[in-house]
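A short write-up of the structure that comes next.
There are 2 protein chains.
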Amino acid sequence: MSTSLPEHAIDRLQDRLERLPLRERKKLKTRRAIQDHALRLFTEQGYDETTVEQIAEAAEISPSTFFRYFPTKEDVVVTDEYDPIMAEIFRAQPAGLAPIEALRATFREILPQMLAGDLDAVTARMRLTAQVPALRARTTESLREGTHAVLKEVIAERTGRPQDDLDVEAFTWALLGVLQAAMYAWLDGRVAIDDLTDHIDHNLELLAAGFPLC
Amino acid sequence: MSTSLPEHAIDRLQDRLERLPLRERKKLKTRRAIQDHALRLFTEQGYDETTVEQIAEAAEISPSTFFRYFPTKEDVVVTDEYDPIMAEIFRAQPAGLAPIEALRATFREILPQMLAGDLDAVTARMRLTAQVPALRARTTESLREGTHAVLKEVIAERTGRPQDDLDVEAFTWALLGVLQAAMYAWLDGRVAIDDLTDHIDHNLELLAAGFPLC
DNA sequence: CCACCTTTTGAGAGCTACTCTCATTTACGA
DNA sequence: TCGTAAATGAGAGTAGCTCTCAAAAGGTGG
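Protein sequences appear in the order of chains X and L.
So in full-length UniProt numbering, spot 8 of the first sequence is number 8, and the numbers just go up one at a time.
So in full-length UniProt numbering, spot 136 of the second sequence is number 136, and the numbers just go up one at a time.
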């Protein structure tokens, strides 16, 4: 059961959703309503110009309830459910693969899934993240929280070094760096979404080669 | 006057400070007072637990004045004046040097200066930055706009590539990564202050070699 | 030394993100 | 159908941050 590749992890989530108890279904519905109305309002009139009160009114809930679903206003844009999926896909890669190769394969698998879900919402979130500094900073931080630990663990495993090895850590930080470079190039519109996987591939190759730029 | 090495760029700033008109001197004095009292209070009782009002009271100014000197509470910790100095020192390196070698030389020059200035303040700022998520996120964002922009510029110069070259950007992000790795290793006590320069050197070497960890 | 102009400051009102408490309502299980 | 646990709403309160306006302090020409 754990050796099969997670071909459509997102679809599985969707299926599971339907046979949930009423209470849980309502919660998910409310959560989605908040997120949809928030993204619409942010896009229409700007992030800073939209108050939580407005979002609450549009989603027909109270401001109190808003903060029960999203601890901060930023979380409405930043939160995504792809981190555990990515971790799962990463761990499912063949043990023989070098860390960088495993990373490449992971991104080749997960990117199409992300975009197949809800392209409009993904695009809106991307635009906002690129434009609003606070959101950009938070996204970076959450990328780091979600990815850095996994990278450290897997790379320590594959190199046979301890997890707090300083060289491993330097490597994972550099990895995170080139991934962020790719993300920003995408957010700024300098890399098309269709080329993102190739661009990540290219950056990882550069890293492995010690950046021969001259 | 521009070809001589900036042996003690910080000292020059200090000299310049003394023959400033009274108004400017007072401003700098107020600024420093705010920062000193803020860092002390943050260290004593925590960042979130310290209000701007408390800082203002300790520095004997009004809360209004606080926000005239620092646009946000976070800026008291995040703001530094080292980016232009770093750029200057980097540019003064021999043109024949490879980018990584130039960087290593730059850090060998600038680190002693940074630490000679006010070790306690620097350490307090680093600690807070490492511990408080909001500050970490903001520091990353300010690194992106400050240090990263400078690195991009000077490395584009040395490699003869355009500034928005994607490969240059991947490189600078990886550079920032290994520098942050060194910073966190220092903050965690895994690298002594006297070894910091050597550790940065080592990380940069690893980066240049493509991280041969196996 | 005085008068004039500019810059800096303080006081206070106001907005909004966010927290906490408590009473009310709503889904679930027996 | 009733009792329990969870979800919600209302409201008060805190703190970061903005804006305005009048008072104070620094700099300058006579």
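Backbone N, C-alpha and C define an ideal beta-carbon position, used for all residues, glycine too.
Tell me the DSSP secondary structure of residue i in three-state form.
{"i": "residue 95/X", "result": "coil"}
{"i": "residue 26/L", "result": "helix"}
{"i": "residue 208/X", "result": "helix"}
{"i": "residue 62/X", "result": "coil"}
{"i": "residue 127/L", "result": "helix"}
{"i": "residue 48/L", "result": "coil"}
{"i": "residue 41/X", "result": "helix"}
{"i": "residue 196/L", "result": "helix"}
{"i": "residue 119/X", "result": "helix"}
{"i": "residue 214/X", "result": "coil"}
{"i": "residue 72/L", "result": "coil"}
{"i": "residue 81/L", "result": "coil"}
{"i": "residue 31/X", "result": "helix"}
{"i": "residue 108/X", "result": "helix"}
{"i": "residue 163/L", "result": "coil"}
{"i": "residue 201/X", "result": "helix"}
Apart from the five residues just before and just after residue i, which ones in its own chain have a Cβ nearer than 7 Å to its Cβ?
{"i": "residue 168/X", "result": "152, 155, 156, 159 and 161"}
{"i": "residue 172/X", "result": "148, 151, 152 and 155"}
{"i": "residue 204/X", "result": "100, 103, 104 and 178"}
{"i": "residue 74/X", "result": "134, 135 and 138"}
{"i": "residue 144/X", "result": "176"}
{"i": "residue 163/X", "result": "152, 153 and 156"}
Alpha carbon to alpha carbon, what distance is there between residue j and residue i?
{"i": "residue 15/L", "j": "residue 54/X", "result": "Summary for residue 15/L: the model assigns pLDDT 44, below 50, so the residue's position carries little reliability; its value from the coordinates is reported in the next sentence. Spanning the two alpha carbons is a distance of roughly 54 Å."}
{"i": "residue 38/X", "j": "residue 129/X", "result": "14 Å"}
{"i": "residue 50/L", "j": "residue 206/X", "result": "45 Å"}
{"i": "residue 201/L", "j": "residue 104/L", "result": "6 Å"}
{"i": "residue 190/X", "j": "residue 29/L", "result": "44 Å"}
{"i": "residue 122/L", "j": "residue 40/L", "result": "12 Å"}
{"i": "residue 70/X", "j": "residue 78/X", "result": "10 Å"}
{"i": "residue 195/X", "j": "residue 137/L", "result": "28 Å"}
{"i": "residue 90/L", "j": "residue 176/L", "result": "15 Å"}
{"i": "residue 211/X", "j": "residue 48/L", "result": "41 Å"}
{"i": "residue 213/X", "j": "residue 36/L", "result": "43 Å"}
{"i": "residue 98/X", "j": "residue 209/L", "result": "17 Å"}
{"i": "residue 146/L", "j": "residue 82/L", "result": "9 Å"}
{"i": "residue 107/L", "j": "residue 80/X", "result": "38 Å"}
{"i": "residue 46/L", "j": "residue 120/X", "result": "41 Å"}
{"i": "residue 118/X", "j": "residue 65/X", "result": "25 Å"}
{"i": "residue 124/X", "j": "residue 25/X", "result": "25 Å"}
{"i": "residue 187/X", "j": "residue 140/X", "result": "12 Å"}
{"i": "residue 166/L", "j": "residue 61/X", "result": "45 Å"}
{"i": "residue 32/X", "j": "residue 76/X", "result": "10 Å"}
{"i": "residue 180/L", "j": "residue 180/X", "result": "14 Å"}
{"i": "residue 193/X", "j": "residue 67/X", "result": "32 Å"}
{"i": "residue 84/L", "j": "residue 96/L", "result": "22 Å"}
{"i": "residue 114/L", "j": "residue 44/L", "result": "23 Å"}
{"i": "residue 170/X", "j": "residue 27/L", "result": "40 Å"}
{"i": "residue 132/L", "j": "residue 197/X", "result": "33 Å"}
{"i": "residue 226/X", "j": "residue 116/L", "result": "The requested residue 226/X does not occur in the structure, where chain X is confined to residues 1 to 214."}
Excluding the 5 residues preceding and the 5 following residue i in the sequence, name in chain order all residues of the same chain whose CB lies nearer than 6 Å to its CB.
{"i": "residue 11/X", "result": "Any reading at residue 11/X must be qualified, since the residue scores a pLDDT of 46, below 50, and its modelled position is unreliable; the value itself is stated next. Nothing meets the Cβ criterion."}
{"i": "residue 199/X", "result": "182 and 191"}
{"i": "residue 34/L", "result": "59 and 69"}
{"i": "residue 86/X", "result": "110"}
{"i": "residue 42/X", "result": "50 and 128"}
Just reading off the alpha helix (DSSP H) that residue i is part of, what are its end residues?
{"i": "residue 184/L", "result": "166 to 187"}
{"i": "residue 146/X", "result": "133 to 159"}
{"i": "residue 75/L", "result": "75 to 78"}
Apart from the five residues just before and just after residue i, which ones in its own chain have a Cβ nearer than 8 Å to its Cβ?
{"i": "residue 63/L", "result": "52, 53 and 56"}
{"i": "residue 184/L", "result": "130"}
Is residue i near the ligand ADP, judged by its Cβ being under 7 Å from some heavy atom?
{"i": "residue 92/L", "result": "The model depicted lacks the ligand ADP and carries no ligand whatsoever."}
task: Give the residues from the segment 154 to 169 of chain L that approach chain X closer than 9 Å (Cβ to any Cβ), ordered along the chain.
output: 155, 158, 159, 160, 161, 164, 165, 166, 167, 168 and 169
- request: Residues of the segment 135 to 149 of chain L with a CB closer than 7 Å to any CB of chain X: list them in chain order, please.
  value: 136, 137, 138, 140 and 141
- prompt: Mind listing which residues of the segment 38 to 49 of chain L have their C-beta closer than 8 Å to chain X's C-betas, in chain order?
  reply: none
message: Using a Cβ-Cβ cutoff of 7 Å, what residues of the segment 66 to 100 of chain X are near chain L? List them in chain order.
response: none
Proximal residues, the segment 100 to 128 of chain L versus chain X, C-beta separation under 7 Å: none
message: By the 7 Å beta-carbon criterion, what residues does the segment 171 to 188 of chain X contribute toward chain L?
response: 171, 173, 174, 176, 177, 178, 180, 181 and 185
message: Which residues of the segment 191 to 209 of chain L have a Cβ closer than 7 Å to any Cβ of chain X? Give them in chain order.
response: 203, 206, 207, 208 and 209
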